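Participant: Chains as they are written, first to last, in our numbering: chain G, 438 to 728; chain E, 438 to 728.
Backbone N, C-alpha and C define an ideal beta-carbon position, used for all residues, glycine too.
If you're wondering where the values come from, they're calculated on a predicted model, not measured in any experiment.
The structure under discussion is supplied below as structure tokens; questions concerning it will follow.
Number of protein chains: 2
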Amino acid sequence: MRVGLIGLGAMGGPMAQHLAAAGLLSIVGNRSLQKVTDFVATHERIHGASGPQDFSNCDVVILNVSLDADVLQNVHALAEVLQPGSMVMDHSTVSVQTARDAAACLAGKGIAFVDAPVSGGVEGSRNGKLSVMVGAEADALERVMPLLNTYAARVTHMGEVGSGQATKAVNQIMVAGINEAVCEALALAEALQLDPAKLIPTLMSGAASNWFLDKRGVTMLNSQFTPGFKNAHMLKDLRIVQGMADSLGLNLPALRQAESDYAELAESRALPDADTSSLISLKRKNGDGGN
Amino acid sequence: MRVGLIGLGAMGGPMAQHLAAAGLLSIVGNRSLQKVTDFVATHERIHGASGPQDFSNCDVVILNVSLDADVLQNVHALAEVLQPGSMVMDHSTVSVQTARDAAACLAGKGIAFVDAPVSGGVEGSRNGKLSVMVGAEADALERVMPLLNTYAARVTHMGEVGSGQATKAVNQIMVAGINEAVCEALALAEALQLDPAKLIPTLMSGAASNWFLDKRGVTMLNSQFTPGFKNAHMLKDLRIVQGMADSLGLNLPALRQAESDYAELAESRALPDADTSSLISLKRKNGDGGN
Chain G
438 MRVGLIGLGA MGGPMAQHLA AAGLLSIVGN RSLQKVTDFV ATHERIHGAS GPQDFSNCDV
498 VILNVSLDAD VLQNVHALAE VLQPGSMVMD HSTVSVQTAR DAAACLAGKG IAFVDAPVSG
558 GVEGSRNGKL SVMVGAEADA LERVMPLLNT YAARVTHMGE VGSGQATKAV NQIMVAGINE
618 AVCEALALAE ALQLDPAKLI PTLMSGAASN WFLDKRGVTM LNSQFTPGFK NAHMLKDLRI
678 VQGMADSLGL NLPALRQAES DYAELAESRA LPDADTSSLI SLKRKNGDGG N
Chain E
438 MRVGLIGLGA MGGPMAQHLA AAGLLSIVGN RSLQKVTDFV ATHERIHGAS GPQDFSNCDV
498 VILNVSLDAD VLQNVHALAE VLQPGSMVMD HSTVSVQTAR DAAACLAGKG IAFVDAPVSG
558 GVEGSRNGKL SVMVGAEADA LERVMPLLNT YAARVTHMGE VGSGQATKAV NQIMVAGINE
618 AVCEALALAE ALQLDPAKLI PTLMSGAASN WFLDKRGVTM LNSQFTPGFK NAHMLKDLRI
678 VQGMADSLGL NLPALRQAES DYAELAESRA LPDADTSSLI SLKRKNGDGG N
């Protein structure tokens, strides 16, 4: 099986490393070609692509890009060059409709689409411990399982194309709301001058236990906001999710608060590339955040 | 060491069982005497108290009650009957000021006070896996450690009296905000008709992982709201915490949302005794919750 991967960013880069280590990767592409050059320089049997046409003889192409438009642009280009019977698997977070549009575009050429957003952060990608939420035909998922197994701790077949992104939307409401909870709680802890070295393990031992506190608690209290997961990406995701909630008639105020806060961080404060844990800066005294 | 325990509720009852099993409990009391009668009937060497005077020869009295006023009423009564050199340890969630007032009242009689709120829910109490946040003198904590070890997975000495409750306040902001996040996310999941049996393990494998989803996700999706932790108690705690945030000049909108939602549940909808996971009922379509 000849496998290509497009998108060597914070999530896609480590996935490519895992695939390469398993001998399962043939060719890589990226919008900025420097990352391709760097990757190929350290992986002698893997080719670098200068554009979508270079993936023409792949059996599977894996996407890890940022925006809905990027996914559709890549899918439309791949639809022109891939062979019938090949597949595209997308790990980006996009709308349910984008996943369906991508699948429809490819289906016209006899190419399968696997809607496969992930959770677990950059550490999940680095450690090969991602949770993958799949919307696809069962036989398509079966064919990509050897690839997913190189970087996933769990792969869940949620249903047809679109159900992967629907699940990711649920995941993102939860992640964003938990970030709000952790940042507000730690802002109070700072104001009360509680010792973080005692506080965080204590909180992690009870009903407040959560992934974000465990992975970001110490760094955020030190105002270290290296991504991780960027504010701009969270904002993009929350706007997708808010649109879904609106169309379903759901009133979700915690989601609205999070969307407002990440708009403040990514746009008003021009911190699009900081980690989402920088939300604590809005919650501190005189942070004057989003209200 | 002669140990008494007042408050045989959802948290205190299992603690009493653990102490009794370790042979460390002498006498129990409770506002409703039926619980005392029931406990004593199954523990032949343990006495039942009809009032605070029955604890007069205890070395340590452990409190597990609900309200600040209940703690202070018990502490004032115990101050009249306990011997100098004895101790009171309080596991209730109250304000920092109540903890300090309790300590000051007892100090006048030579009685030590251990400010020791807990987290981990009813299952933490039943399984002996609570996280205990202690504000006390180090020697006082050392004396009660054999007792705490029967029902705690972790005991953290946060500092002087009041710092246990300060830590619990931080814990409760986090717990309440996580509940908001989980309930809004699962309300979307229901509207999208995602399969809970696939959804919850998937979410628990990534960055959305948290205690509340793990312990309450399945039951809340089935609209089973048996406590657990009651809406009325959450509301009480959040009002204490909101007062702390206000006095420190912190603007915490996720906390305000949670306080508003639990006031809606416990008061407007008259569900004070339902589990906090009943919050999902406000988030469902036409839940018309709190906004």
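So, with DSSP's three-state summary, where would you put E/Lys546?
Facilitator: Taking the first residue of the second sequence as 1, we reach residue 546 of chain E at position 109. In this structure, E/Lys546 counts as coil in the three-state DSSP scheme.
Participant: Would you tell me roughly how many angstroms separate the C-alpha atoms of G/Ala514 and G/Gln490, rounded to the nearest one?
Facilitator: Reading the first sequence from its first residue, position 77 is the one you call residue 514 of chain G. Reading the first sequence from its first residue, position 53 is the one you call residue 490 of chain G. Spanning the two alpha carbons is a distance of roughly 8 angstroms.
Participant: With DSSP run on the structure shown, which of helix, strand or coil describes E/Asn728?
Facilitator: Against the second sequence, residue 728 of chain E aligns to sequence position 291. Any answer about E/Asn728 is weak, because its pLDDT of 40 lies below 50 and its placement is not dependable; what the coordinates show is given next. E/Asn728: coil per DSSP, three-state reduction.
Participant: Express the C-alpha separation of G/Ser714 and G/Gln661 in angstroms, rounding to a whole number.
Facilitator: Working through the first sequence from its first residue, we reach residue 661 of chain G at position 224. Working through the first sequence from its first residue, we reach residue 714 of chain G at position 277. One C-alpha to the other measures close to 9 angstroms.
Participant: Which same chain residues, not among the five before or five after E/Ile677, have their C-beta less than 6 angstroms away from its C-beta?
Facilitator: Counted from its first residue, the second sequence places residue 677 of chain E at position 240. Result list for E/Ile677: Ser532, in chain order.
Participant: Helix, strand or coil for G/Met595? Go by DSSP, reduced to three states.
Facilitator: For this step, residue 595 of chain G is matched to residue 158 along the first sequence. Strand, per DSSP.
Participant: Residues of chain E with CB under 7 angstroms from G/Thr739, in chain order?
Facilitator: Since the displayed chain G opens at 438 and closes at 728, residue 739 of chain G lies outside it and no answer follows.
Participant: Exposed or buried, which one is G/Met438 when buried takes at least 16 other CB atoms within 10 Å?
Facilitator: Within the first sequence, the letter at position 1 stands for residue 438 of chain G. That one is exposed.
Participant: So with CB distances below 8 angstroms, who are the chain E contacts of G/Val502?
Facilitator: Within the first sequence, numbered from 1, the residue matching residue 502 of chain G stands at position 65. Neighbours of G/Val502 on chain E: none; closest Cβ ~19 angstroms, over 8 angstroms.
Participant: Helix, strand or coil for E/Val502, going by three-state DSSP, please let me know.
Facilitator: As a position in the second sequence, residue 502 of chain E is number 65, starting the count at 1. Correct three-state label for E/Val502: coil.
Participant: In angstroms with no decimal places, state the Cα-to-Cα distance between G/Ala478 and G/Val518.
Facilitator: Along the first sequence, read from residue 1 onward, the residue named residue 478 of chain G stands at position 41. Along the first sequence, read from residue 1 onward, the residue named residue 518 of chain G stands at position 81. Distance between the alpha carbons of G/Ala478 and G/Val518 is about 26 angstroms.
Participant: According to the neighbour-count rule (16 or more other Cβ atoms, all chains shown, within 10 Å of its Cβ), is E/Ala539 buried or exposed?
Facilitator: The residue you call residue 539 of chain E lines up with position 102 of the second sequence. When all chains shown are included, E/Ala539 counts as buried.
Participant: Taking Cβ positions only, does E/Val612 come closer than 8 angstroms to chain G?
Facilitator: Residue 612 of chain E sits at position 175 when you count from the first residue of the second sequence. For E/Val612, the answer is yes, since a Cβ of chain G falls inside 8 angstroms of its Cβ.
Participant: Please give the ranges of any alpha helix (DSSP H) in the segment 442-475 of chain E, keeping only runs that are unbroken, at least 4 residues long and fully inside the region.
Facilitator: You should have 449-458.
Participant: According to DSSP, what are the bridge partners of G/Ser556?
Facilitator: Residue numbering aside, residue 556 of chain G sits at position 119 when the first sequence is read from its first letter. In the DSSP output, where bridge partners are listed per residue, G/Ser556 has G/Ser568.
Participant: If you measure between the beta carbons of G/Ala453 and G/Val465, is that distance less than 8 angstroms?
Facilitator: Stepping through the first sequence from its first residue, residue 453 of chain G is reached at position 16. Stepping through the first sequence from its first residue, residue 465 of chain G is reached at position 28. Yes, the Cβ-Cβ distance between G/Ala453 and G/Val465 is below 8 angstroms.
Participant: With burial defined as no fewer than 16 other Cβ atoms inside 10 Å of the residue's Cβ, what is the status of E/Asp552: buried or exposed?
Facilitator: Working through the second sequence from its first residue, we reach residue 552 of chain E at position 115. When all chains shown are included, E/Asp552 counts as buried.
Participant: Do you know whose CA, among G/Ile443, G/Asp712, G/Val473, G/Lys546, lies nearest G/Asn511's CA?
Facilitator: Translated into the one-based positions of the first sequence, residue 511 of chain G becomes position 74. Among G/Ile443, G/Asp712, G/Val473, G/Lys546, the Cα nearest to that of G/Asn511 is on G/Ile443.
Participant: When burial is assigned at 16 or more other CB atoms within 10 Å of the CB, is G/Pro521 buried or exposed?
Facilitator: Counting from 1 along the first sequence, the entry for residue 521 of chain G is found at position 84. Per the 10 Å Cβ criterion, exposed.
Participant: Just the chain E side, please: which residues come within less than 7 angstroms of G/Val619 by C-beta, in chain order?
Facilitator: Counting from one through the first sequence, the residue named residue 619 of chain G turns up at place 182. What G/Val619 touches in chain E: Met611.
Participant: Can you check whether the CB of E/Leu716 is closer than 8 angstroms to the CB of E/Leu692?
Facilitator: Stepping through the second sequence from its first residue, residue 692 of chain E is reached at position 255. Stepping through the second sequence from its first residue, residue 716 of chain E is reached at position 279. No; because the gap between Cβ atoms is not below 8 angstroms, this pair is not in contact.
Participant: Tell me, please, whether the CB atom of E/Asn494 is closer than 8 angstroms to any CB atom in chain G?
Facilitator: Here the question's residue 494 of chain E lines up with position 57 in the second sequence. It does not; no Cβ of chain G falls within 8 angstroms.
Participant: Report the residues of the segment 646-670 of chain G with a CB closer than 9 angstroms to any CB of chain E, ordered along the chain.
Facilitator: Cβ contacts with chain E: Ser646, Asn647, Trp648, Phe649, Leu650, Asp651, Lys652, Phe666.
Participant: Need the endpoints of the alpha helix (DSSP H) that E/Met681 sits in, please.
Facilitator: Reading the second sequence from its first residue, position 244 is the one you call residue 681 of chain E. Here the alpha helix (DSSP H) through E/Met681 covers 668-684.
Participant: Mind checking if E/Gly557 is an interface residue toward chain G, Cβ cutoff 8 angstroms exclusive?
Facilitator: Here the question's residue 557 of chain E lines up with position 120 in the second sequence. Yes - at least one Cβ of chain G is within 8 angstroms of the one on E/Gly557.
Participant: Spatial neighbours of G/Ala590 within its chain, please: C-beta separation below 6 angstroms, excluding the five flanking residues on both sides.
Facilitator: Locating residue 590 of chain G in the first sequence gives position 153, where the first residue counts as 1. Counting only Cβ-Cβ distances below 6 angstroms, and skipping sequence neighbours, we find Lys566.
Participant: Quick check on DSSP: helix, strand or coil for G/Met524?
Facilitator: As a first step, residue 524 of chain G is located in the first sequence; it is residue number 87 there, counting from the start. In this structure, G/Met524 counts as strand in the three-state DSSP scheme.
Participant: With a threshold of 8 angstroms between beta carbons, is G/Met526 in contact with chain E?
Facilitator: Mapped onto the first sequence, residue 526 of chain G falls at position 89. It does not; no Cβ of chain E falls within 8 angstroms.
Participant: Which of helix, strand or coil does DSSP assign to G/Asn647?
Facilitator: In the first sequence, residue 647 of chain G corresponds to position 210, counting from 1. G/Asn647 falls in the strand class under three-state DSSP.
Participant: Relative to the C-alpha of G/Ser568, which candidate in G/Gly601, G/Lys472, G/Met657 has its C-alpha closest?
Facilitator: Numbered from 1 along the first sequence, position 131 holds the residue referred to as residue 568 of chain G. When only C-alpha atoms are compared, the closest one is G/Gly601.
Participant: Between which two residues does the alpha helix (DSSP H) containing E/Met611 stretch?
Facilitator: Within the second sequence, numbered from 1, the residue matching residue 611 of chain E stands at position 174. 600-628 is the span of the alpha helix (DSSP H), which, as asked, contains E/Met611.
Participant: Check each candidate in G/Asp507, G/Ala618, G/Val525 and name the one with the smallest Cα separation from G/Gln694.
Facilitator: Walking along the first sequence from the start, residue 694 of chain G turns up at place 257. That would be G/Ala618, whose Cα lies nearest to the Cα of G/Gln694.
Participant: What three-state label does DSSP hand G/His729 in the structure shown?
Facilitator: Coverage of chain G is limited to positions 438 through 728, which leaves residue 729 of chain G absent and any answer about it impossible.
Participant: E/Val508 and E/Asp527: beta carbons closer than 8 angstroms?
Facilitator: Counted from its first residue, the second sequence places residue 508 of chain E at position 71. Counted from its first residue, the second sequence places residue 527 of chain E at position 90. Yes, Cβ-Cβ distance for E/Val508 and E/Asp527 is below 8 angstroms.
Participant: Is the beta carbon of G/His455 closer than 8 angstroms to that of G/Thr587?
Facilitator: Position 150 of the first sequence, counted from the first residue, corresponds to residue 587 of chain G. Position 18 of the first sequence, counted from the first residue, corresponds to residue 455 of chain G. Against a cut-off of 8 angstroms, the Cβ pair of G/His455 and G/Thr587 comes out as a contact.
Participant: Got a sec: is the Cβ-Cβ distance from G/Met448 to anything in chain E below 8 angstroms?
Facilitator: If you number the first sequence from 1, residue 448 of chain G lands on position 11. Taking Cβ atoms only, chain E never reaches closer than 8 angstroms to G/Met448, which makes this a no.
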